Amino acid sequence: LDVDSSGRNDYDPSMLEEIASASRTIIRCNGFIGVTKLFAPAQVAKANLNETFAEKFPHIHLTYSKLRSIKRDIWQLAKECDVDEYTVAHSFVYFERVVVKGLISKHNRKLVAGVAFLVAVKLNDYKKPVIVKVLERAEEILRISRREMLSFELPLCSALQFDLFPPPHHVEPHLRKILFSVL
1 LDVDSSGRND YDPSMLEEIA SASRTIIRCN GFIGVTKLFA PAQVAKANLN ETFAEKFPHI
61 HLTYSKLRSI KRDIWQLAKE CDVDEYTVAH SFVYFERVVV KGLISKHNRK LVAGVAFLVA
121 VKLNDYKKPV IVKVLERAEE ILRISRREML SFELPLCSAL QFDLFPPPHH VEPHLRKILF
181 SVL
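Those letters in the sequence shown? Residues 1 to 183, per the UniProt record's numbering, in order.
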């Protein structure tokens with residue numbers, strides 16, 4: 001994390017995703033862009049990605065494949081609750097900022113992701129019926145209790161240093177991936 005002139009930690013939304021791009025090569029010519037990808041069986045590729053991720057981010061106690069899986073769960077939750085893509089992108093920013101700080105463990109990863117989504121929903125002015133639906137569906141999809149989610153809102157906001165309105169350049173990369181179904 002870099003510290004900008006205001007002393008606030010700067011978050012790079014592409015930092016965690018750079019791992020996946022290591023196995024491909026982009027070829028640029030006039031009027032043509034080609035991508036080559038190193039082929040490996042699915043299990044080998046997954047193991048390589050997780051290993052590379054662990055080497056690059058030893059302070060993060062989460063595998064790359066689990067990070068992507070949790071994001072897919074949040075996206076599924078959003079679709080079932082009729083929450084827009086921009087709100088989901090906000091929740092991804094919150095979740096990744098906590099992940100990068102190394103505050104995630106096996107025991108709290110789904111809770112943090114669920115609460116990040118809940119906070120994003122609340123801050124994007126969704127009404128009570130949608131919030132209740134988010135809590136109900138999160139219990140089923142993420143297998144976490146609504147009581148835990150509600151009690152973890154303040155600690156999450158504190159971990160984010162109450163910086164809950166990320167700049168557009170933090171949200172847009174996640175939004176592009178969601179809109180182009182690259183989750």
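Every residue gets a Cβ at the ideal spot worked out from N, C-alpha and C, and that includes glycine.
It should be emphasised that the depicted structure is a prediction, and the values quoted were computed from it without experimental measurement.
Open item on the list: Please classify Glu140 as buried or exposed, where buried requires at least 16 neighbouring CB atoms within 10 angstroms.
Closed with: Counting of Cβ neighbours within 10 angstroms places Glu140 among the exposed residues, the total staying below 16.
TODO: Compute the distance between the beta-carbons of Ala138 and Leu118, then report whether it is under 9 Å.
DONE: In this structure, Leu118 lies closer than 9 Å to Ala138 by Cβ.
Open item on the list: Output needed for Cys157: all residues of its chain with C-beta closer than 8 Å, excluding positions within five of it in sequence on either side, in chain order.
Closed with: The residues are Val119 and Leu164.
Task: Span separating the alpha-carbon of Ser105 from that of Val98 - done: Their backbone Cα atoms lie some 11 Å apart in a straight line.
- [ ] For the alpha helix (DSSP H) holding Cys157, just list the boundary residues, first then last.
- [x] Secondary structure note for Cys157: its alpha helix (DSSP H) is the uninterrupted segment Glu153 to Ala159.
Task: One or two residues paired with Val35 in a DSSP bridge - done: Paired residues: Ile26.
- [ ] Buried or exposed for Pro167, please, with buried defined as at least 16 other CB atoms from any protein chain shown within 10 angstroms of its CB.
- [x] With fewer than 16 other Cβ atoms within 10 Å, it is exposed.
TODO: Over the uninterrupted alpha helix (DSSP H) stretch that includes Phe92, give me the two end residues.
DONE: Counting along the chain, the alpha helix (DSSP H) containing Phe92 begins and ends at Glu85 to Val100.
Task: Close Cβ partners of Ser145 (< 7 Å) along its chain, the five nearest in sequence each way excluded - done: Once the five neighbours on either side are set aside, the close Cβ partners of Ser145 are Glu139.
Open item on the list: If the criterion is Cβ atoms closer than 9 Å, does the pair Val121 and Val112 meet it?
Closed with: Contact: no.
Task: For Asn124, three-class secondary structure by DSSP - done: Reduced to three states, the DSSP call for Asn124 is coil.
Open item on the list: Give me, in chain order, the residues of the same chain whose beta-carbon lies closer than 7 Å to that of Ile26; leave out the 5 immediate sequence neighbours on both sides.
Closed with: For Ile26, where only same-chain residues beyond five positions count, the Cβ hits under 7 Å are Ile33 and Val35.
TODO: Measure the C-alpha to C-alpha separation of Lys101 and Leu175 and round it to an integer number of angstroms.
DONE: For the pair Lys101 and Leu175, the Cα-to-Cα distance works out to about 22 Å.
Open item on the list: Considering just the uninterrupted stretch of the alpha helix (DSSP H) at Thr52, what are its terminal residues?
Closed with: Under the DSSP assignment, Thr52 falls in the alpha helix (DSSP H) whose first and last residues are Ala42 to Lys56.
- [ ] Out of Tyr64, Asn30 and Val83, state which residue places its alpha-carbon closest to the alpha-carbon of Thr52.
- [x] Taking Thr52 as reference, the option from Tyr64, Asn30 and Val83 with the minimal CA-CA separation is Tyr64.
- [ ] Could you name the residues of the same chain whose beta carbon sits closer than 7 Å to that of Leu62, not counting the 5 residues immediately before and after it, in chain order?
- [x] Val99, Ile104 and Arg109, listed in sequence order.
Task: Status (buried if at least 16 other CB within 10 Å, exposed otherwise) for Cys81 - done: Within 10 angstroms of the beta-carbon of Cys81 lie 16 or more other beta-carbons, which makes it buried.
TODO: Indicate whether Leu154 and Gly114 have their beta-carbon atoms separated by less than 9 Å.
DONE: A distance of 9 Å or more separates the beta carbons of Leu154 and Gly114.
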